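Here's the structure we're looking at; comments come further down.
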Amino acid sequence: MALSVARNAGRQAPSKITVPRILMWTALILTTLISLFPMYWMFVTAFTPTQDTIKTPPDLFPHADLSNFERLFSSARDYWSWFANSVIITLGITFFHLIFDTLSGYAFAKKKFPGRNILFWIIISTLMIPPQVTLVPLYIVVQNFNLRDSLWAVILPGWANVFGIFLMRQYIQTLPTELEEAGRIDGCSELGIFWRIILPLSRPALAALAIFTFVRFWNDFLWPSMVLIKSPSYTLPVGVASLQTEFSTDYGLIFAGSAVAALPMIAFFLAFQKYFLEGVRAGAVKG
Amino acid sequence: MADTNITQVNSPAVQSTNPFVLFFRRYGWGYAFVFPSFLAFAVFTFFPVIWAFIISFQDFRPRGGGSWVGLQNYIDAFTTQNGVFVEALQNTVIYAVVTVTANIFIGLFLASLLQPLSNKFQTFFRAAYYLPAVTSAVIIAVTWRWLFNTQWGFLNFLLGLVGAEPVRWLSDPDIALQSIILSTVFTIPAAGVVLFNAAMNSIPKDFYEAADLEGAGPLRKWWSITLPLIKSTTLYVVVLYTIASFEVFEKVYIMVPSGVGNSTQTIVTQIYQTVFSQFRYGVASAQAMVLFVIVVTFAVIQFRFFRTDVEY
Numbered sequence: 328m329a330l331s332v333a334r335n336a337g338r339q340a341p342s343k344i345t346v347p348r349i350l351m352w353t354a355l356i357l358t359t360l361i362s363l364f365p366m367y368w369m370f371v372t373a374f375t376p377t378q379d380t381i382k383t384p385p386d387l388f389p390h391a392d393l394s395n396f397e398r399l400f401s402s403a404r405d406y407w408s409w410f411a412n413s414v415i416i417t418l419g420i421t422f423f424h425l426i427f428d429t430l431s432g433y434a435f436a437k438k439k440f441p442g443r444n445i446l447f448w449i450i451i452s453t454l455m456i457p458p459q460v461t462l463v464p465l466y467i468v469v470q471n472f473n474l475r476d477s478l479w480a481v482i483l484p485g486w487a488n489v490f491g492i493f494l495m496r497q498y499i500q501t502l503p504t505e506l507e508e509a510g511r512i513d514g515c516s517e518l519g520i521f522w523r524i525i526l527p528l529s530r531p532a533l534a535a536l537a538i539f540t541f542v543r544f545w546n547d548f549l550w551p552s553m554v555l556i557k558s559p560s561y562t563l564p565v566g567v568a569s570l571q572t573e574f575s576t577d578y579g580l581i582f583a584g585s586a587v588a589a590l591p592m593i594a595f596f597l598a599f600q601k602y603f604l605e606g607v608r609a610g611a612v613k614g
Numbered sequence: 029m030a031d032t033n034i035t036q037v038n039s040p041a042v043q044s045t046n047p048f049v050l051f052f053r054r055y056g057w058g059y060a061f062v063f064p065s066f067l068a069f070a071v072f073t074f075f076p077v078i079w080a081f082i083i084s085f086q087d088f089r090p091r092g093g094g095s096w097v098g099l100q101n102y103i104d105a106f107t108t109q110n111g112v113f114v115e116a117l118q119n120t121v122i123y124a125v126v127t128v129t130a131n132i133f134i135g136l137f138l139a140s141l142l143q144p145l146s147n148k149f150q151t152f153f154r155a156a157y158y159l160p161a162v163t164s165a166v167i168i169a170v171t172w173r174w175l176f177n178t179q180w181g182f183l184n185f186l187l188g189l190v191g192a193e194p195v196r197w198l199s200d201p202d203i204a205l206q207s208i209i210l211s212t213v214f215t216i217p218a219a220g221v222v223l224f225n226a227a228m229n230s231i232p233k234d235f236y237e238a239a240d241l242e243g244a245g246p247l248r249k250w251w252s253i254t255l256p257l258i259k260s261t262t263l264y265v266v267v268l269y270t271i272a273s274f275e276v277f278e279k280v281y282i283m284v285p286s287g288v289g290n291s292t293q294t295i296v297t298q299i300y301q302t303v304f305s306q307f308r309y310g311v312a313s314a315q316a317m318v319l320f321v322i323v324v325t326f327a328v329i330q331f332r333f334f335r336t337d338v339e340y
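Just so you know, the sequences run in chain order A and B.
Add 327 to a position in the first sequence, counting from 1, and you land on the number used in the numbering used here.
Add 28 to a position in the second sequence, counting from 1, and you land on the number used in the numbering used here.
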């Protein structure tokens with residue numbers, strides 16, 4: 328489909344250089360540079376000794392200097408604890424979604440029970456609720472139960488997220504029902520069918536779900552910043568934001584901190600890009 | 029369906045005549061499987077939303093409180109601190125209108141440029157556009173704040189190259205909001221490009237071939253074939269970005285932590301401040317309800333469109 332458009336963009340062979348072609352590639356390359364520049368600039372600053380970050384003209388290429396990182400890990404003493412908190416919180420949320428979104432996605436896709444569609448639409452309707460609306464009540468609960476600085480205060484509300492249920496239902500609907508029936512005839516229990524048949528068959532969708540959930544909550548800021556008050560319990564985004572106030576003009580250090588926080592997600596994306604973009608698209612498919 | 033019949037035949041419960049037992053033998057697993065997810069939504073979404081609605085009519089403060097005050101919170105929400113919330117609403121609407129329009133046009137434009145390319149190039153550019161979107165909004169905002177730095181920022185360096193005076197991007201109240209908008213516009217709308225790209229790739233190629241036979245040029249084909257056929261995606265992306273822009277927070281909170289007067293207040297930064305600077309939970313909830321109504325209005329449009337989706 329794409330080729331036919333190319334063939335007709337100009338009547339010439341695809342390799343020929345035409346004005347529209349040059350304009351098109353210029354636009355694509357220029358926007359790519361604009362898209363990647365802030366991230367590039369973050370890394371440049373992270374590898375530039377702080378005293379060199381404040382000069383004109385700025386150095387456009389990174390130095391091979393690690394002094395910012397050394398200072399980051401010696402001054403921002405909690406950095407690794409932020410990192411660990413982010414990992415624990417994000418894994419805690421992701422594991423919940425992998426198991427329970429698949430369970431409910433399976434039920435919504437294949438099981439028949441009265442009220443199924445109503446329940447599904449009730450859950451889907453939560454898409455309309457801005458997360459900010461739940462902040463005040465949840466914050467009051469966290470205060471009253473003294474859950475401030477507890478990682479559970481961030482993990483538990485993360486469990487109410489609709490994307491995975493939707494994704495898994497869509498995917499499991501496409502699986503053949505014969506396999507479950509064969510399992511039943513062989514005397515497999517309902518949980519056994521889920522565990523041995525549905526879960527393994529859903530692997531591609533699970534990958535997309537895991538990656539999407541992981542990135543979404545790794546980067547979450549507003550709620551964690553409300554309930555994690557003391558530095559050792561911060562997550563990375565909350566910690567990075569605090570670097571700004573604590574080391575206000577030490578740009579090298581701030582960007583070293585940002586770079587280390589961003590790196591896992593960048594590596595993650597480059598490794599699993601396919602699943603990732605699959606997840607973006609799945610959100611758009613109608614239920 | 030066949031699967032429930034088989035369960036019945038194989039299970040000893042067939043002998044039971046108690047309708048309650050029969051019901052649960054038959055449907056119990058379905059309910060059991062959706063229960064954990066439903067519980068999470070009940071506790072962390074439905075209960076807080078209902079409570080927020082109740083609090084919005086109460087005088088609720090950190091230590092106790094809870095007397096009914098009628099609509100006073102809603103009145104206070106708009107009048108407290110000389111009506112800063114009204115300004116925040118205006119700023120958010122301006123932000124939404126400009127960034128959504130720009131995002132849609134840029135997204136459509138880039139996806140259209142990608143459409144004729146080979147799979148390899150499409151994958152490459154999609155990834156290049158999407159990469160920044162996987163890092164946290166906080167990091168992006170920290171970086172933009174640095175680019176906007178009046179003395180040492182990259183943007184003023186570029187302006188200096190052409191001999192222009194440095195601009196106080198984030199500290200001048202007249203342009204701080206515009207600077208924030210600028211940073212959003214210059215962030216490629218990655219999800220939009222990916223969604224438009226997927227929609228365009230699913231258009232059957234015969235449509236274009238038929239148009240070729242009629243002698244239609246590339247622009248004509250784009251206008252008469254591509255645009256109408258990705259209409260539902262376009263609507264979806266518009267709603268997606270509109271809702272996201274009404275909920276803008278991190279960007280503003282990080283780039284101008286203490287605000288530049290009221291010129292950079294948005295709905296969510298106001299809610300945040302009402303909670304953490306004024307400790308007036310009732311007023312904050314009333315403000316959150318205003319946001320709720322705005323977002324639901326857009327979401328309803330989205331759901332309507334979901335149902336009337338056109339297939340081709």
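For every residue, glycine included, the Cβ atom is placed at its ideal position computed from N, Cα and C.
Keep in mind that this is a model prediction, so the values were computed, not measured.
Own chain residues within Cβ distance below 7 Å of residue i, not counting five before or after
i: A/P484; result: L465, W550
i: B/V303; result: Y309, A312
i: A/T375; result: D386, P389, H390, D392, G579
i: B/A169; result: E278, K279, I282, M283
i: A/S408; result: P559
i: B/V126; result: I209
i: A/S529; result: T429, M495, Y498, I499
i: B/S207; result: F176, W197, L198
i: B/I134; result: I216, P217
Cβ neighbour criterion (16 or more within 10 Å) applied to residue i
i: A/Q571; result: buried
i: B/A226; result: buried
i: B/K279; result: buried
i: A/D428; result: buried
i: B/P424; result: Past the boundaries of the shown model lies residue 424 of chain B; chain B is included only from 29 to 340, so the question cannot be answered.
i: B/L189; result: exposed
i: B/G289; result: exposed
i: B/V328; result: exposed
i: A/K438; result: buried
i: B/K342; result: Outside the displayed range of chain B (29 to 340) lies residue 342 of chain B, so it cannot be described from this structure.
i: B/S211; result: buried
i: B/S39; result: Bear in mind that a pLDDT of 49 at B/S39, under 50, signals an unreliable position, so the number given afterwards is only what the model happens to contain. B/S39 is exposed by the Cβ-count criterion.
i: B/A192; result: exposed
i: A/F435; result: buried
i: B/Q36; result: No answer about B/Q36 holds up, because its pLDDT of 47 lies below 50 and its placement is not dependable.
Sequence-distant residues of the same chain with beta carbon closer than 6 Å to residue i, five excluded per side
i: B/V324; result: none
i: B/L105; result: One detail in the question is off: residue 105 of chain B reads as Ala in this sequence, not Leu. Result list for B/A105: F113, V311, A314, Q315, in chain order.
i: B/Y102; result: A314
i: A/A509; result: none
Own chain partners of residue i with C-beta closer than 8 Å, once the 5 adjacent residues on each side are dropped
i: A/M592; result: V542, W545, N546
i: B/F326; result: V267, T270, I271, F274
i: B/I122; result: L205, I209
i: A/G584; result: L399, A403, Y406, G566, V567, L570
i: A/A535; result: L494, Y602, F603, E605, G606, A609
For residue j and residue i, believed in contact at Cβ under 8 Å, the rounded distance
i: B/W174; j: A/Y578; result: 6 Å
i: A/L580; j: A/L399; result: 5 Å
i: B/Q86; j: B/W79; result: No, B/Q86 and B/W79 are not in contact; Cβ-Cβ is about 10 Å, not under 8 Å.
i: A/M369; j: A/F582; result: 5 Å
i: A/A487; j: B/F61; result: About 17 Å; that fails the 8 Å criterion.
i: B/A156; j: A/S362; result: 6 Å
i: B/Y55; j: A/P441; result: 7 Å
i: A/I520; j: A/E505; result: Between A/E505 and A/I520 the Cβ distance is about 12 Å, and since that is not below 8 Å, they are no contact.
i: A/A373; j: A/A586; result: 4 Å
i: B/T294; j: B/T129; result: B/T294 to B/T129, Cβ: 18 Å. No contact.
i: A/N395; j: A/Y561; result: The pair is not a contact, with the Cβ atoms about 20 Å apart (cut-off 8 Å).
Got a sec: which bits of the segment 48 to 69 of chain B sit with their beta carbon under 9 Å from any beta carbon on chain A, in order along the chain? F51, R54, Y55, G56, W57, G58, Y59, A60, F61, V62, F63, P64, S65, F66, L67, A68, F69
Residues of the segment 188 to 199 of chain B whose Cβ lies closer than 9 Å to any Cβ of chain A, in chain order: G188, L189
contact_flag[the segment 264 to 273 of chain B, the segment 176 to 192 of chain B] where n(CB pairs < 8 Å) is 3 or more: no
Anything in the segment 444 to 461 of chain A with a Cβ closer than 7 Å to a Cβ of chain B? List those residues in chain order, please. L446, I450, T453, L454, M455, I456, P457, Q459, V460, T461
Counting Cβ pairs closer than 8 Å, one from the segment 585 to 603 of chain A and one from the segment 143 to 162 of chain B, do we hit at least three? yes
Looking at chain A, which residues of the segment 201 to 227 of chain B have a Cβ within less than 7 Å of any of its Cβ atoms? F214, I216, A219, V222, L223, A226
Tell me, please, whether the segment 226 to 239 of chain B touches the segment 183 to 198 of chain B by the rule of three or more beta-carbon pairs shorter than 8 Å. no
Interface positions of the segment 460 to 480 of chain A facing chain B (Cβ-Cβ less than 9 Å), listed along the chain: V460, T461, L462, V463, P464, L465, Y466, I467, V468, Q470
How about the segment 140 to 156 of chain B and the segment 353 to 367 of chain A: do they share at least three Cβ pairs that are nearer than 8 Å? yes
Along the segment 265 to 287 of chain B, where does the CB come closer than 9 Å to a CB of chain A? Name the residues. V265, L268, I271, F274, E275, F277, E278, Y281, I282, P285
Residues of the segment 538 to 549 of chain A with Cβ closer than 9 Å to any Cβ of chain B, in chain order: V542, W545, N546, D547, F548, L549
Residues of the segment 156 to 187 of chain B with Cβ closer than 7 Å to any Cβ of chain A, in chain order: A156, Y157, Y158, L159, P160, V162, T163, S164, A165, V166, I167, I168, V170, T171, W172, W174, L175, W180, F182, F185
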